[in-house]
Amino acid sequence: MMIDARLATEIVARTVEVMPFDVNVMDAHGLILASSDAGRVGEIHAGAQLALARERAVEIDDAMAANLSGVRPGINLPLSVRGRVCGVIGVTGEPDKVRRFGELLRVTAELILEREQLTLELRRNARHREEFVLQLLRRTATSAELEAWADRLGIDVRLAHTAIVCRLTDVDADPEAGVSQIEAMQSQLADEWPQLLTAKTSYRELVMFDTIDARAAHDSALARHAGKRLAALEGTLRKVATQPFSLALGIALEGIDGFERSYQCALATLRVGAARMPQRAAYSYYEFVLPVLLSALSQGWQAQQLRLPLTRLLARERRSGALLETLKAWYANDGHPSATAEALGIHRNTLDYRLQQIRDATGLDLGSMDDRLWLYIALQTVVSIPDGSDGGSGDRRSGT
């Protein structure tokens, strides 16, 4: 690594606290970068050049100082990081008086340099990991190239990864504030969740990838685990959040192709969750499995045909919404008349009348499995229609 003026100044500030002598820090060419004697900054230090050439400490007495340019009596010690000499630290004074401080100076300076080197490596690794995530999403490289890249970064793509999308919901008018918020969130995650892969995809979106055990014996166990991870992530982000945001967790998938698919799943989950439960900020795919899977059918002629009965129903009731609410409540209560009537706060006779109106409007028989399924799928593909249950319970039925 290279020593710059900032690092040199920090080293001088730290070392002069423990000794009453002037301290100089020189770069790999012997140029004084920082000194407790400000007048010496910018000079070439011949004693430092000797220490660099010999790669060992050099003591300068009065006689040597008289023969060397820009040199005063003292001791100059080469500084090394990872076995490579990168500069010199010197203390001014009679060698017999300052010799005992030499090793302390060197150790202190090298600890600062080692810390800086580690910081640089961590930042470089973070940049490489972020670029890897962006390449995963853009798919500008082949699967083989991405797998090789993952191997170099120590990322095991054989493990199941799940995408988590964090999207700021109120920064369109101030993109700079969005960028600052996303960067603060990313920094907080680096401190508390260092294993996460993260990348800024826009001024309002941060993408994360986390490993998750997808081998659970039951989907319910996987859903609970995913929910806990999502809640913990939300808590971490709220520590630095100054802007409202939403979170969505996608499906856990293995392999290099699973990353981008999980990301698309997280985006779909965010759309579905925000439409169905806008009062919440975090959504898991495992709460909304069916509507997320069916969201791919939200466009095209197939979607139009699927939603045709629902379109007829909406046209029949126009503004009241009573029939639609009745239909959602009927599905949410598994078609049980008493439970549905109680949930709606209506009499059984009123429920029967509304169900008959639904049959007349849609042309479908709710007693027929095919017709019942058709209408149910139609409801799921219209993500703008909120859920028919009381919401917020976290039960799987609240999303399907």
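Read in my numbering, the sequence shown has 1091 at position 388, and its numbers run on one by one without any break. The beta-carbon is built from N, C-alpha and C at its ideal position, and this holds for glycine as well. Since we're looking at a predicted model, the values are computed, not measured.
Note that the C-beta distance between G786 and H748 is not below 9 Å. Less than 9 Å separates the beta-carbon of T1029 from that of R1057.
Distance between E990 and T1053, taken at the CA atoms: about 32 Å. For A969, the closest alpha carbon among the candidates E824, Y986 and P897 is that of Y986. By the CB criterion at 9 Å, L900 and M911 fall inside the cutoff. According to DSSP, I915 shares a beta bridge with no other residue. F991 carries a coil assignment under DSSP once its states are collapsed to helix, strand and coil.
DSSP lists M911 as the beta-bridge partner residues of T901. Counting only the Cα atoms, I867 lies some 14 Å from L837.
Judged by their CB atoms, L1027 and L1009 are not nearer to each other than the 9 Å cut-off. Looking at the DSSP output, F948 bridges to L871. A straight-line Cα-Cα distance of about 21 Å links I815 and T795. For S998, there is no enclosing beta strand (DSSP E), as DSSP marks it with neither H nor E. By the neighbour-count criterion, in which 16 or more other beta carbons inside 10 Å mark a residue as buried, N828 falls on the exposed side. By the C-beta density criterion, V810 is exposed, having fewer than 16 other C-beta atoms within 10 angstroms. Put simply, the segment 994 to 1013 touches the segment 1075 to 1082. At least three CB pairs are less than 8 Å apart. Membership of L1013 in the alpha helix (DSSP H) is indicated by the continuous run L1011 to E1020. L1058 sits in a helix when the DSSP states are folded into three classes. For I706, the secondary structure class from DSSP, reduced to helix, strand or coil, is coil. The C-alpha of R802 lies about 7 Å from the C-alpha of I778. Restricting attention to beta strand (DSSP E) runs no shorter than 3 residues, the segment 927 to 977 encloses them at 948 to 952, ordered along the chain.
In this structure, L909 lies near A902, with their beta-carbon atoms less than 9 Å apart.
Only buried fits T718, as 16 or more other CB atoms lie within 10 angstroms of its CB. Only buried fits T972, as 16 or more other CB atoms lie within 10 angstroms of its CB. Per DSSP, the unbroken alpha helix (DSSP H) holding T811 starts and ends at P798 to R841. In the three-state reduction of the DSSP assignment, Y1079 falls in the helix class.
CA-CA distance, R979 to K931, rounds to 21 Å.
Distance from the CA atom of E963 to the CA atom of G976, rounded to whole angstroms, is 20 Å. Taking one beta carbon from each stretch, the segment 868 to 882 and the segment 945 to 956 have 3 or more pairs nearer than 8 Å; the two touch. For the set R743, E797, T904 and V788, the Cα lying nearest the Cα of M767 is the one of E797. When the Cα atoms are used, Q884 and T945 turn out to be separated by approximately 7 Å. In this structure, D1037 is the residue among V788, D1037, A1042 and M722 with its C-alpha nearest to the C-alpha of L1069. Nearest neighbour of L940 by Cα position, chosen from W896, H732 and D707, turns out to be W896.
Judged by DSSP secondary structure, M729 falls within the beta strand (DSSP E) whose first and last residues are V726 to M729. DSSP places Y1034 within a helical segment (H, G or I) once states are collapsed to three. Here DSSP, grouped into helix, strand and coil, assigns P1040 to helix.
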